[in-house]
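J.:
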Amino acid sequence: AAKAAGRDRVHLFSPGLRDAARWRMDVATRLRDGALDQFVVHYQPVVRLDTGAIEGVEALLRWQHPERGLLAPDAFLSVAEETGQLIPITRWLLRETTRQAAEWATQGLSLRMAVNISARHFSAETLVRDVRTALRDSGLAPEQLMLELTETTVAEDPTRAEDQLAVLQGFGVRVAIDDFGTGWSSLAQLMALPIGTLKIDRSLITAAERLATSGTGAVLGAIVELAHSLGIRSVAEGVETAEHLRMVREAGCDLAQGYLLARPMASGDVTRWADRVRAGG
Ligand code: C2E
Ligand code: CA
Ligand code: CA
Ligand code: CA
408 AAKAAGRDRV HLFSPGLRDA ARWRMDVATR LRDGALDQFV VHYQPVVRLD TGAIEGVEAL
468 LRWQHPERGL LAPDAFLSVA EETGQLIPIT RWLLRETTRQ AAEWATQGLS LRMAVNISAR
528 HFSAETLVRD VRTALRDSGL APEQLMLELT ETTVAEDPTR AEDQLAVLQG FGVRVAIDDF
588 GTGWSSLAQL MALPIGTLKI DRSLITAAER LATSGTGAVL GAIVELAHSL GIRSVAEGVE
648 TAEHLRMVRE AGCDLAQGYL LARPMASGDV TRWADRVRAG G
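The opening residue of the sequence shown carries number 408 in the UniProt record's numbering; numbering runs sequentially from there.
(1) Ends of the beta strand (DSSP E) at threonine 612?
(2) I'd like to confirm something about glutamate 644: is its beta-carbon nearer than 7 Å to some heavy atom of ligand 6, or not?
(3) Applying the criterion that 16 or more other CB atoms from any shown protein chain within 10 Å of the CB defines a buried residue, is glutamate 532 buried or exposed?
(4) Taking contact to mean 3 or more Cβ pairs, one atom from each stretch, closer than 8 Å, check whether the segment 658-667 and the segment 675-683 are in contact.
(5) Could you check where the alpha helix (DSSP H) with leucine 633 kicks off and where it finishes?
(6) Look up aspartate 682 in the DSSP assignment and say whether it is helix, strand or coil.
(7) Compute the Euclidean distance between the alpha carbons of glycine 441 and glutamine 492, then round it to the nearest angstrom.
(8) Would you call the segment 501-510 in contact with the segment 470-478, where contact means no fewer than 3 C-beta pairs closer than 8 Å?
(9) Residues around ligand 2, please: the condition is that the C-beta lies closer than 5 Å to some non-hydrogen atom of it.
(10) Can leucine 468 and methionine 520 be called in contact, C-beta distance under 8 Å?
(11) When you compare each of Glu465, Gly645, Gln507, Gly603 to leucine 637 by their alpha carbons, which one comes out closest?
(12) Is threonine 559 near ligand 1, in the sense that its beta carbon is under 7 Å from a heavy atom of that ligand?
(13) Could you tell me the boundaries of the beta strand (DSSP E) in which leucine 477 lies?
(14) Among the candidates Asp426, Tyr450, Ala435, whose CA atom is the shortest distance from the CA of serine 674?
(15) For glutamate 644, count the other beta carbons within 10 Å of its own beta carbon; 16 or more makes it buried, fewer makes it exposed. Which is it?
(16) Where do the ends of the alpha helix (DSSP H) carrying isoleucine 496 lie?
(17) Say yes only if the C-beta of glutamine 551 is nearer than 7 Å to one or more non-hydrogen atoms of ligand 1, and no if none qualify.
(18) Would you please state the rounded distance, in angstroms, between the beta carbons of leucine 456 and alanine 663? I believe it to be under 8 Å.
(19) Counting Cβ pairs, one atom from each stretch, are 3 or more of them under 8 Å apart for the segment 595-611 and the segment 572-587?
(20) Could you tell me the alpha carbon to alpha carbon distance between alanine 634 and arginine 536, rounded to whole angstroms?
(21) Please go through the same chain and pick out, in chain order, the residues whose beta-carbon is closer than 6 Å to the beta-carbon of arginine 581, but skip the five residues on each side of it.
(22) Between Asp661, Gly579, Glu563, Glu569, which lies nearest to arginine 543 when the distance is taken from Cα to Cα?
(23) Any heavy atom of ligand 3 closer than 7 Å to the beta-carbon of aspartate 564?
(24) Where does alanine 408 sit, in a helix, a strand or coil, going by DSSP?
(25) By the 10 Å Cβ neighbour count, where 16 or more other Cβ atoms means buried, how is glutamine 514 classified, buried or exposed?
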């Protein structure tokens, strides 16, 4: 386990263009040689906008690199996906996060656990088995697990996506569309899929801020309203300022996530954070 600091002090290591190829090769080699025990999960609270209560957490992958320190996904995720290593990493992450959520539940802290699933894993046979195994071994209620899929992942092959989602829903797992607003898929198309949650990308929040001449994020409001009419909840991502918070509340978002509310943090800090929120601090 890493000595991950409570605050999310992630090294944003970005190799220069000249070193990028060497960095990618180094990452690929390390992943192949079994860096699995160097991965760490940080958790970012997702907060209800009506009560301010914590609803769940999103699991975010970090790599405790022996020389570079704690790395954000930017530094290694695409290499891990390309080399096929992201599937075994995510298999581990599913086990770890469901175990963690089940442990919190026994402590009276019932949080929905959101896990990001890559396009490759989503289209792999093994996903259903990986999810089922993690749920069985942890004893976590399936409804407490939410898989986050980006709109590009589900738009790649809508028919296959629909089948895969139906199977997952069949055993009670929740599904969210992640980064909504970054792709070109239509909301109507996405809404035909069995999803319960729409995560509105940070870029739409900042765009709404720029466009809001009369203080209303009309685009944001329209998206949220359409989602609601289909029984889909929306999460505003990347809420960084009090103005963002005011805007997404006004737009009718159900939930919010962002640095203003809480940064990603190590597991031990989640219980302390939740206690403080419950105590009204
Ligand atoms: P994401 O799924 O959209 O996750 C949210 C990202 O936004 C996280 O970055 C989080 O730290 C960051 N964030 C949260 N609040 C704010 C805010 O108020 N302002 C700003 N500027 N950023 C905020 P992180 O942890 O660096 O992850 C980046 C991306 O890497 C994630 O974006 C996700 O696409 C991917 N990722 C992370 N963990 C996993 C994983 O386990 N599996 C897969 N497939 N992808 C992952
Ligand atoms: Ca996500
Ligand atoms: Ca997102
Ligand atoms: Ca994103």
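Glycine included, each C-beta is placed from N, C-alpha and C at the ideal position.
T.: Result, derived from the coordinates:
(1) On the sequence shown, residue 612 is found 205 positions in, with the first residue counted as 1. Here residue 612 turns out to be isoleucine, not threonine, going by the sequence shown. Looking at the DSSP string, isoleucine 612 is not in any beta strand (DSSP E); the run it does join, the alpha helix (DSSP H), is 609-618.
(2) In terms of ligand content, the structure shown lacks ligand 6 and carries ligand 1, ligand 2, ligand 3 and ligand 4 instead.
(3) Sequence index remark: in the sequence shown, residue 532 carries index 125 (1-based). Label assigned to glutamate 532: exposed.
(4) Output reads no: the segment 675-683 does not touch the segment 658-667.
(5) Locating residue 633 in the sequence shown gives position 226, where the first residue counts as 1. For leucine 633, the uninterrupted alpha helix (DSSP H) run begins and ends at 625-636, by DSSP.
(6) The residue you call residue 682 lines up with position 275 of the sequence shown. In the structure shown, aspartate 682 sits in a helix (DSSP, three-state: H, G or I).
(7) Within the sequence shown, numbered from 1, the residue matching residue 441 stands at position 34. Within the sequence shown, numbered from 1, the residue matching residue 492 stands at position 85. If you draw a straight line from the Cα of glycine 441 to the Cα of glutamine 492, it comes to about 10 Å.
(8) Short answer: they don't touch.
(9) Counting only residues whose CB is nearer than 5 Å to a non-hydrogen atom of ligand 2, the list in chain order is Asn523, Glu555, Asp585.
(10) Sequence index remark: in the sequence shown, residue 468 carries index 61 (1-based). Sequence index remark: in the sequence shown, residue 520 carries index 113 (1-based). No, Cβ-Cβ distance for leucine 468 and methionine 520 is not below 8 Å.
(11) Within the sequence shown, the letter at position 230 stands for residue 637. When only C-alpha atoms are compared, the closest one is Gly603.
(12) Along the sequence shown, one-based indexing puts residue 559 at 152. Checking every heavy atom of ligand 1 against the Cβ of threonine 559, none is found closer than 7 Å.
(13) Taking the first residue of the sequence shown as 1, we reach residue 477 at position 70. That run of the beta strand (DSSP E) goes 476-478.
(14) Numbered from its first residue, the sequence shown carries residue 674 at position 267. The option with the nearest alpha carbon to serine 674 is Tyr450.
(15) For the purposes of this step, residue 644 is taken as residue 237 along the sequence shown, with counting starting at 1. With 16 or more other Cβ atoms inside 10 Å of its own Cβ, glutamate 644 counts as buried.
(16) Counting from 1 along the sequence shown, the entry for residue 496 is found at position 89. Where isoleucine 496 is concerned, the enclosing alpha helix (DSSP H) stretches over 493-513.
(17) Here the question's residue 551 lines up with position 144 in the sequence shown. Checking the Cβ of glutamine 551 against ligand 1 gives no.
(18) The residue you call residue 456 lines up with position 49 of the sequence shown. The residue you call residue 663 lines up with position 256 of the sequence shown. About 6 Å separates the beta carbons of leucine 456 and alanine 663, which is inside the 8 Å limit, making them a contact pair.
(19) Taking a contact to require three or more Cβ pairs closer than 8 Å, the segment 595-611 and the segment 572-587 qualify as touching.
(20) Position 227 of the sequence shown, counted from the start, is the residue given in the question as residue 634. Position 129 of the sequence shown, counted from the start, is the residue given in the question as residue 536. C-alpha separation (whole angstroms): 30 Å.
(21) Along the sequence shown, one-based indexing puts residue 581 at 174. Within the same chain, Met553, Gly603 come within 6 Å of arginine 581 by CB-CB distance, once the 5 residues on both sides are set aside.
(22) Here residue 543 refers to the residue found at position 136 of the sequence shown. Comparing Cα positions, the closest option is Gly579.
(23) By one-based count along the sequence shown, residue 564 stands at place 157. Not so, every heavy atom of ligand 3 lies at least 7 Å from the Cβ.
(24) Numbered from 1 along the sequence shown, position 1 holds the residue referred to as residue 408. The predicted model places alanine 408 with a pLDDT of 35, which falls under 50 and marks its position as unreliable, so this point remains unresolved.
(25) Position 107 of the sequence shown holds residue 514. Residue environment: glutamine 514 is assigned as exposed (fewer than 16 neighbouring CB atoms within 10 Å of its CB, all protein chains considered).
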